[in-house]
Amino acid sequence: MAGTPWLEIAGQTVFLESIPSILERGQLLLPLIRRLLIESCISGIEISEDQQLAFQRKFLEQNGIKSDEDLRSWLAKNKLTEDQASRNILESLQLDTYKRKEYGSSVEKVFLETKDRRDRVVYSLLRVESQSVASELYLRLQEGDSTFTDLCQRYSVGNERDTGGLIGPVALGRLHPNLAELLRLSNPGQLWQPLEIDGNWVVVRLDKKLPAQLDESLELQILDECFEAWVSTQLSQFMQAYSSLNDSSQGDSGPAMTSASH
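So the sequence shown is numbered by this note's numbering: it starts at 18 and just counts up by one.
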C-alpha cells in the first residue's frame with residue numbers, strides 16, 4: 018500500500034505516512050513536537066481579561082510602543098497582524114503562568130543548588146602563547162610596573178585586548194571550569210600566577226564579585242531553565258521512540274537496497 022493521500026503539489030502526491038520523514042529531513046519535526054508540547058501545556062490555562070491587559074501594557078512598555086504608529090511599525094517589522102500579536106502575547110502569558118504553576122515551588126531550591134555558577138564576576142585577563150612571556154608579564158603586574166590595559170593591548174592574543182583585559186560582569190557558570198574555580202576562590206584584587214587554559218597561558222585578577230540574588234529576573238530565568246529541561250527530555254524521548262519505530266518499519270520492509278552492479 019502506498020499510503021493515505023493527503024496533498025498533491027507540483028504533480029506529486031504527498032502521503033500522510035510520509036509527513037514525519039519529510040519534516041525530519043527539513044529539520045522541522047522537532048520544532049513541531051516542541052510546539053505541540055507547548056500547546057498541551059497552555060491548553061488548560063485560563064487568563065482573566067485584567068491579567069491579559071496588564072501583560073499587554075507591560076509588553077508595549079518593554080518594546081517602546083507608545084502610539085498606534087509605533088504599534089503599526091512594530092507589527093510590520095515583525096511581520097505580524099494585530100490579531101497574531103495579541104494571540105502570541107496571550108500564549109506567552111499562559112506559558113508564564115504554566116511555568117510558575119509547575120516549577121514555582123522549586124525555584125528557591127534550584128537557586129541554592131546552582132548559586133555558585135550564577136554568581137557573577139568582573140575580572141582582568143591577559144592571554145599569551147608562551148609560559149615564559151606570561152611569567153614575565155605576571156611579575157610586571159605584581160610589581161606595579163605595568164597595567165593590564167597596557168599589557169593586553171600589546172601582548173594579549175585574545176579578544177580581551179580590545180577591552181584592556183577587562184571582562185564582565187559574567188556568570189561563573191559561563192567560564193572555563195578552571196578559570197571559574199580560580200575566580201571563585203579569589204578575593205577582589207587577587208592576582209594569580211600564569212595558568213594554562215586551552216593551550217594558552219593566562220594571567221588573571223579578580224576585580225569584583227557580584228553574588229547572585231534571587232530577584233524577579235533570575236526567578237524567570239530559573240523557571241525558563243526548568244521548563245526547557247523538561248522540553249529537552251520530552252524531545253529526546255520522542256526521537257528515541259521515533260527512531261525505534263523507523264528501525265522497525267525498515268526491518269519489516271525487507272533487505273536494504275544494494276547496488277545493481279556485479
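Glycine residues also receive a C-beta, built at the ideal position from the N, C-alpha and C atoms.
Going by beta-carbon coordinates alone, are Leu143 and Tyr115 separated by less than 9 Å?
Locating residue 143 in the sequence shown gives position 126, counting from the first residue. Locating residue 115 in the sequence shown gives position 98, counting from the first residue. It is not a contact, given that the beta carbons lie outside the stated cut-off.
Which residues DSSP lists as bridging Phe72, in chain order
Position 55 of the sequence shown, counted from the start, is the residue given in the question as residue 72. Beta-bridge partners assigned by DSSP to Phe72: none are found.
Below 8 Å, can you find three or more Cβ-Cβ pairs linking the region 104-114 to the region 157-167?
Touching, no, given that fewer than three Cβ pairs across the two stretches are closer than 8 Å.
According to DSSP, is Ile39 helix, strand or coil?
Residue 39 sits at position 22 when you count from the first residue of the sequence shown. Ile39 carries a helical assignment under DSSP once its states are collapsed to helix, strand and coil.
Coil, strand or helix - Ala229 by DSSP:
Mapped onto the sequence shown, residue 229 falls at position 212. In the three-state DSSP reduction, Ala229 falls in the coil class, being neither helix nor strand.
Using only CA atoms, which one of Leu192, Gly216, Leu199, Trp23 lies nearest to Leu208?
Indexing the sequence shown from 1 puts residue 208 at position 191. With distances taken between CA atoms, Leu208 lies nearest to Leu199 out of Leu192, Gly216, Leu199, Trp23.
Just the Cα atoms here: how many angstroms apart are Val174 and Gly182?
The sequence position of residue 174 within the sequence shown is 157, counting from 1. The sequence position of residue 182 within the sequence shown is 165, counting from 1. If you take the alpha carbons of Val174 and Gly182, they lie about 11 Å apart.
For Leu223, the nearest candidate out of Phe165, Leu54, Ile36 (CA to CA)
Residue mapping note: residue 223 aligns to position 206 of the sequence shown, counting from 1. Ranked by Cα distance from Leu223, the first of Phe165, Leu54, Ile36 is Phe165.
Are the region 189-199 and the region 252-264 touching by the rule of at least three beta carbon pairs closer than 8 Å?
Too few Cβ pairs lie closer than 8 Å, so no.
Return the first residue and the last residue of the beta strand (DSSP E) that Pro22 is part of.
Counting from one through the sequence shown, the residue named residue 22 turns up at place 5. 22-26 is the extent of the beta strand (DSSP E) around Pro22.
In the region 59-122, which residue ranges form an unbroken alpha helix (DSSP H) of at least 4 residues, counting only runs that do not cross its ends?
Whole alpha helix (DSSP H) segments, 4+ residues: 66-79, 85-94, 99-120.
Give the range of the alpha helix (DSSP H) segment to which Leu1 is assigned.
Nothing can be reported for residue 1, as the shown portion of the chain is limited to 18 through 279.
Over the uninterrupted alpha helix (DSSP H) stretch that includes Thr166, give me the two end residues.
The residue you call residue 166 lines up with position 149 of the sequence shown. For Thr166, the enclosing alpha helix (DSSP H) begins and ends at 165-172.
I'd like to know whether the C-beta atoms of Arg117 and Ala229 end up nearer to each other than 9 Å.
On the sequence shown, position 100 is the one that residue 117 refers to. On the sequence shown, position 212 is the one that residue 229 refers to. Contact flag unset, no.
DSSP has Arg137 in a bridge; who is on the other side?
Counting from 1 along the sequence shown, the entry for residue 137 is found at position 120. Answer is Ala188, Leu227.
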